[in-house]
Amino acid sequence: MEPEQTTKQCSLNVKRTFSAPRDRVFAAWTDPDRIKNWHAPMEDFKIPFAEVDLRVGGKYRYEMRHPDGESYILVGNFQEVDAPKKLVYTFIWEEGNAGMGETLVTVHFHSTEEGGTEIDLTHERFPDAETMGHHDQGWNGCLDRLAKLV
Amino acid sequence: MVKQTSRSLDLTFSALSDPTRREILGRLTQQDLMVTEIAEPFEMSLPAVSKHLRVLERAGLIARSREGRVHRLRFDPKPLGEAMTWIAEHKLYWEEQFDLLERYLKKTTHEEETDGT
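Keeping their order, the protein sequence lines are chains F and L.
Take 1 as the starting number for the first sequence in my numbering and just add one per residue.
Take 1001 as the starting number for the second sequence in my numbering and just add one per residue.
In structure tokens:
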């Protein structure tokens, strides 16, 4: 049994390799001015504001707004900051009324042999902050169940 | 773009975050069971099992029918579909983010090399 593996299976994992070096990829991911730039071009969305306090316990908050008024605000705080290698942060879609709760994002930035960067991102749900310490155990074997159930 | 307002999704994940409840659910996928049958393999009191069952019920993962004093429980897969939807939607969200980031990094390669930011 590999707890790490089973945990990951019940969350979602996405990977992508970029040709840019790690420092630039990390900066694009965390620097507010750069964040504002890379969301904007597609689907007419603009980033009216982006705030990032890149340190453990620091908050980030940015808004994605469509010209027709549709708006999404993403907020969270950093649990782990190991520039330019790793980030762990909470991820919350902020809304006026009921939100969907807090989730956790872990991002690894790996340098590739070709001088590029692989981003390995894991996004996990957990019911509330209290369970964060135990979510490894809590999710253990979860996918096995899901596979049987659905 | 993802926007999730569903409280029920929280309930689903919360319900699934406990090994006892997953065990109960796993057995209910095989067959419908009475509360006493569910409690049998666990070293816990009937009220404790009952508490787990209420969490699963609230999440809509199990449904209860009553025949006199006998409570029979069955598994309902619907909320799990919702949980899987959440995963699929966010996967798509991140893939989109990666597409955007890729474009940005390609576009700015030369600019950043020259202006030194």
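Don't be surprised by glycine CBs; every beta carbon is placed ideally from N, CA and C.
Chain F residues whose Cβ lies nearer than 7 Å to that of residue i
i                       : result
residue 1102 of chain L : 18
residue 1042 of chain L : Going along chain F, no residue has its Cβ under 7 Å from residue 1042 of chain L, so there is no contact; the nearest lies around 17 Å.
Proximal chain F residues relative to residue i, where beta-carbon distance stays under 9 Å
i                       : result
residue 1024 of chain L : Near residue 1024 of chain L there are no residues of chain F at all, since even the closest Cβ is about 11 Å away, more than 9 Å.
residue 1109 of chain L : 19, 20, 24
Supposed contact pair residue j and residue i - C-beta distance, whole angstroms, cut 8 Å
i                       : j                       : result
residue 1073 of chain L : residue 1053 of chain L : 7 Å
residue 54 of chain F   : residue 30 of chain F   : 5 Å
residue 117 of chain F  : residue 18 of chain F   : 5 Å
residue 109 of chain F  : residue 84 of chain F   : 6 Å
9 Å Cβ cutoff, residue i in contact with chain F
i                       : result
residue 1087 of chain L : yes
residue 1053 of chain L : no
Where residue i falls, given that 16 or more other Cβ within 10 Å makes a residue buried
i                       : result
residue 1099 of chain L : exposed
residue 78 of chain F   : buried
residue 1043 of chain L : exposed
residue 1010 of chain L : buried
residue 56 of chain F   : exposed
residue 11 of chain F   : buried
residue 1014 of chain L : buried
residue 76 of chain F   : buried
residue 34 of chain F   : buried
residue 22 of chain F   : buried
residue 28 of chain F   : buried
residue 1048 of chain L : exposed
Partners in chain L for residue i, counting only beta-carbon separations shorter than 9 Å
i                      : result
residue 123 of chain F : 1087, 1090, 1091, 1093, 1094
Residue i at chain L interface by Cβ criterion, 9 Å
i                      : result
residue 12 of chain F  : yes
residue 65 of chain F  : no
residue 61 of chain F  : no
residue 55 of chain F  : no
residue 119 of chain F : yes
Contacts that residue i makes with chain L (C-beta to C-beta distance below 7 Å)
i                     : result
residue 28 of chain F : 1101, 1104, 1105
Proximal chain L residues relative to residue i, where beta-carbon distance stays under 8 Å
i                     : result
residue 37 of chain F : 1104, 1108
Please list, in chain order, the residues of the region 79-90 of chain F that have any C-beta partner in chain L closer than 7 Å.
Within the region 79-90 of chain F, no residue places its CB atom closer than 7 Å to a CB of chain L.
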